[in-house]
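For any residue, its number in the numbering used here is found by taking its place in the sequence shown, counting from 1, and adding 360.
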Amino acid sequence: MIQPCGVQTNMQGEELREHGTRLFPVACYLDVLPDDDIPWHWHNELEFGIVARGGAVINIGSTQYELHSGEGFFINSNILHTMVSPDNGVCEIHSVVCHPRAVSGSTDNIIWQKYLKPLMENQACPGFHLKPDERWQRQVADSLGSLWHSAETEEYGFELHIRNELSTIISLLSEHQPVVARKTFGKAQRDNARIKEMLTYIQANYSGELTVEDIAFAGAVSASECIRCFRATINMTPIAYLKSYRLQQAALKLQLTTDKISAIAESCGFQEMSYFAKSFKEVYGCTPSEYRIGK
């Protein structure tokens, strides 16, 4: 049941992969950073994970967390997120992505109405950094570890065991979720909708020349509001995101095509080869040609 990482998104940054199956919508992934590139993306499902080896920096919405071995995370439904390995060190993450119906079965029962729906709609709870020194968070981590073991061994009844552990996790998260005044909900929802529109525009036009004004126009906001929205939502400027996305696409093309490196650089919006090579090495720790050979 354990699957390798592989994030593919549509033009809105929504992940395309189906997690699990219709009959059992739960999937377990082995993410190995920095080899597995995890760009900014979002999905309707809930996501949990544990750092099994090394360390990781995870961005959940506008908040950045530094995770160490043994620590974990929760990412709520429809929340933009990304993950990287600091200093390109090797990091192994055991992640679980599940549709809420894996726990509730449907939306016409108390499990959905009392526990899942309030958690998923809580704008004050984009996610959690799970630490072992917090008792309830350690319980979540323990349940994730037990769940992962069942997914690995697939012994008889493993689906029931996974569902039971997910129920325990949801109960703990629901009990300890933060609360916020309802008046702040609209602003967070508005920012989330705007950022997705602007990410869509960047991902459709990253190969050409783009300015903050162009990106702002896509979100129907001013340039200053565009910058504020990016910083508030994904903790970076629009131009920093544009550069990061261009480099991610270049790395993907180096891996999947035989195109000349200069052609790849140009197709990803880099007009100067020296700047591309320098920027690429800063992020991936090697030159584009070394990256291609390594892959």
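Glycine included, C-beta positions come from ideal geometry on N, C-alpha and C.
Every value quoted in this text rests on a predicted model; they were computed, and no experiment measured them.
- Straight through space, the alpha carbons of Ile624 and Asp502 are spaced by roughly 45 Å.
- For the options Arg382, Ser639, Ser622, Leu614, the alpha carbon positioned closest to that of Tyr651 is the one of Leu614.
- Bounds of the alpha helix (DSSP H) holding Pro478 are 477-480.
- Here the alpha carbons of Thr647 and Ser445 stand approximately 18 Å from one another.
- Distance between Glu642 and Gln563, taken at the CA atoms: about 22 Å.
- The C-beta distance from Glu426 to Val417 rounds to 5 Å, short enough to fall under 8 Å.
- Under the criterion of beta carbons closer than 8 Å, Glu452 and Val392 qualify as touching, at roughly 6 Å.
- Comparing alpha-carbon positions, the option among Phe640, Asn552, His521 lying closest to Asn438 turns out to be Asn552.
- Note: Ser639 is not bridge-paired with any residue in the DSSP secondary-structure output.
- If one requires a minimum length of 4 residues, the alpha helix (DSSP H) runs lying completely within the segment 395-476 are 461-464, in chain order.
- For Ile529, the closest of Tyr516, Glu514, Leu490 by C-alpha to C-alpha distance is Leu490.
- Closest option to Tyr601, judged by alpha-carbon separation, among Thr560, His521, Ser582: Thr560.
- The segment 565-583 makes no contact with the segment 524-539, as fewer than three CB pairs between them are under 8 Å.
- The Cβ atoms of Val411 and Ser422 do not sit closer than 8 Å to each other.
- Within a 10 Å sphere around the beta-carbon of Ser582 sit fewer than 16 other beta-carbons, which makes this residue exposed.
- Taking Trp400 as reference, the option from Lys638, Ile621, Ile594 with the minimal CA-CA separation is Ile594.
- In the DSSP assignment, Ile594 is bridged to no other residue.
- Rounded to the nearest whole angstrom, the C-alpha separation of Glu573 and Glu626 is 22 Å.
- Per DSSP, the continuous beta strand (DSSP E) segment holding Tyr389 begins and ends at 386-393.
- Here the alpha carbons of Pro394 and Ser649 stand approximately 17 Å from one another.
- Of the other Cβ atoms in all chains shown, fewer than 16 fall within 10 Å of the Cβ of Tyr635; this residue is therefore exposed.
- Burial check for Met633: the Cβ neighbour count within 10 Å stays below 16, so the residue is exposed.
- Under DSSP, Gly579 takes part in no beta bridge, so it has no partner.
- Excluding its 5 nearest sequence neighbours in each direction, Pro385 has C-beta neighbours in its own chain below 7 Å: His379, Cys458, His459, Arg461, Ala462, listed in chain order.
- A distance below 8 Å separates the beta carbons of Glu512 and Ile362.
- Leu507 sits close to Leu526, with the two beta carbons spaced by under 8 Å.
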